[in-house]
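Residue numbers (the working numbering): 179 to 504.
Have a look at the structure below before the remarks.
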Amino acid sequence: MNSFSIVRRPRRNRKAESIRSMVRETELSVSKFIFPIFLQAGNNIQTEIQSMPGIYRYTLDKALKEIESCLSLGLKNFILFPAIEESFKDKNATYSYNSNNLYLKAIKEIKAKFPEVSITTDVAMDPYSSDGHDGLVINGEIVNDKTLEILGKMSLAQAEAGADILGPSDMMDGRVGYIRNELDTNGFTNVSIMSYTAKYASSFYGPFRDALDSAPKSGDKKTYQMDPANSLEAILEARLDFEEGADYLMIKPALPYLDIIKSLKENFPLPIVAYQVSGEYSMIKAAASKGWLDENKAMVEVLTGIRRAGADIIISYYAKEFAKRK
Ligand code: PBG
179 MNSFSIVRRP RRNRKAESIR SMVRETELSV SKFIFPIFLQ AGNNIQTEIQ
229 SMPGIYRYTL DKALKEIESC LSLGLKNFIL FPAIEESFKD KNATYSYNSN
279 NLYLKAIKEI KAKFPEVSIT TDVAMDPYSS DGHDGLVING EIVNDKTLEI
329 LGKMSLAQAE AGADILGPSD MMDGRVGYIR NELDTNGFTN VSIMSYTAKY
379 ASSFYGPFRD ALDSAPKSGD KKTYQMDPAN SLEAILEARL DFEEGADYLM
429 IKPALPYLDI IKSLKENFPL PIVAYQVSGE YSMIKAAASK GWLDENKAMV
479 EVLTGIRRAG ADIIISYYAK EFAKRK
């Protein structure tokens, strides 16, 4: 047994936690997370989303309390989504830029009360559209260029309300450039754009659509969201967003698309964002509730994997639970 020697023994770097943590290549930290907050009209109500245990739709007063509790954990970045009452929805999503709407009021109040937080928005028609699509539907078709005009109005309203970062999630062609131009010509040169660059037509958005009651009334989103089978197309989308002025490139969902995260990270000199979507959260929650997975360990492992693949920033429903753990 003494007659041979194994020169390279990788196990030496794994022999104790002190050493493992010293050689660890990927770190998770609260500052790299964005936490989604769902809003609803009314007062003093928080409604748990059935398919997302632990995640709620908040009225604005409750949302402010939730943000305060996140701040005490060091979590400072939020992305907002509104649940809009059916009676306010129409074909052109006009309520999305009505200055009295719940969403714009929330942006104003949150920024007034907590100037230290960053607010990312959602720019897409679906929460406000009677058709439940991200774009304008004419004779069954999602029309691209007319949708841009609506997204432009929504973007300006959000910028006026005080949003720090706009998040176009609609996947219309040319929207980043269109929104950048609207912002710049109206004096909002400091408002950033986090583009949903590679947003796939995914089954993992199901619980989110329950949360907002925003599922398409007919058809699906495959004529604008990407085919899960494609990766070159993600490079094309990223090139366009880069040229059109995006400040961040996002990949969504995260876990089934780690290769896309890695390829955008290697090819573009911008912060790369991964959105761990509703279904990815619910999947872990469901397995954990049956005792099939250790939730805390599974959460950290998945989030670490997303970072290791190349995500600089993660949007996650687990952000607060992760922050609490530290
Ligand atoms: C809609 C939008 C969706 C999500 C974010 N913005 C759903 C969709 O495209 O149908 C999904 C987020 C999640 O599942 O957590 N513009």
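Yeah, the Cβ is synthetic: ideal placement off N, Cα and C, and Gly gets one too.
Any non-hydrogen atom of the ligand PBG closer than 8 angstroms to residue i Cβ
i      : result
GLY232 : no
ASP348 : yes
GLN403 : yes
TYR383 : yes
ALA302 : yes
VAL455 : yes
SER274 : no
PHE571 : As shown, the chain starts at 179 and ends at 504. That puts residue 571 outside it, with no answer to give.
SER392 : yes
PHE386 : yes
TYR426 : no
TYR281 : no
TYR495 : yes
ASP490 : no
ASP214 : One point to set straight first is that residue 214 is Pro, not Asp, in the sequence displayed. Correct: PRO214 has its Cβ closer than 8 angstroms to the ligand PBG.
PHE366 : no
ASP351 : no
LYS400 : no
ASP437 : no
ASP419 : no
Limits of the alpha helix (DSSP H) - the one that residue i falls within
i      : result
PRO385 : 384-390
ILE429 : Unbroken run through ILE429 is the beta strand (DSSP E), 426-430; no alpha helix (DSSP H).
GLY355 : 353-363
PHE500 : 497-503
ARG187 : Segment: none, ARG187 is in no alpha helix (DSSP H) and carries neither H nor E.
PHE420 : 410-422
Residue i classed as buried or exposed, judged by whether at least 16 other C-beta atoms fall within 10 angstroms
i      : result
THR363 : exposed
GLU153 : Limits of the chain in this structure are 179 at one end and 504 at the other, which puts residue 153 out of reach.
GLN336 : buried
ASN255 : buried
GLN228 : exposed
SER196 : exposed
GLY313 : buried
THR367 : exposed
THR325 : buried
LEU253 : buried
GLU226 : exposed
GLU203 : exposed
Coarse secondary structure for residue i, derived from DSSP in three states
i      : result
GLU205 : coil
GLN403 : coil
VAL455 : coil
GLN224 : strand
ILE343 : strand
ALA194 : coil
MET350 : coil
ALA393 : coil
Endpoints, beta strand (DSSP E) assigned at residue i
i      : result
SER370 : 370-377
LEU217 : 211-217
SER494 : 491-494
ASN255 : 255-260
ILE316 : 314-316
VAL321 : 319-321
ARG235 : 234-236
Any non-hydrogen atom of the ligand SAH within 8 angstroms of residue i CB
i      : result
ASP300 : Among the ligands present in this structure, namely the ligand PBG, the ligand SAH is not found.
- Message: At 3 residues or longer, what runs of the beta strand (DSSP E) sit wholly inside the stretch 263-312?
- Response: If we require 3 residues or more, the beta strand (DSSP E) runs fully inside the stretch 263-312 come out as 296-298.
- Message: I'd like the ranges of any beta strand (DSSP E) spanning at least 3 consecutive residues and lying wholly in the stretch 432-483.
- Response: Counting only runs of 3 or more, we get 450-454.
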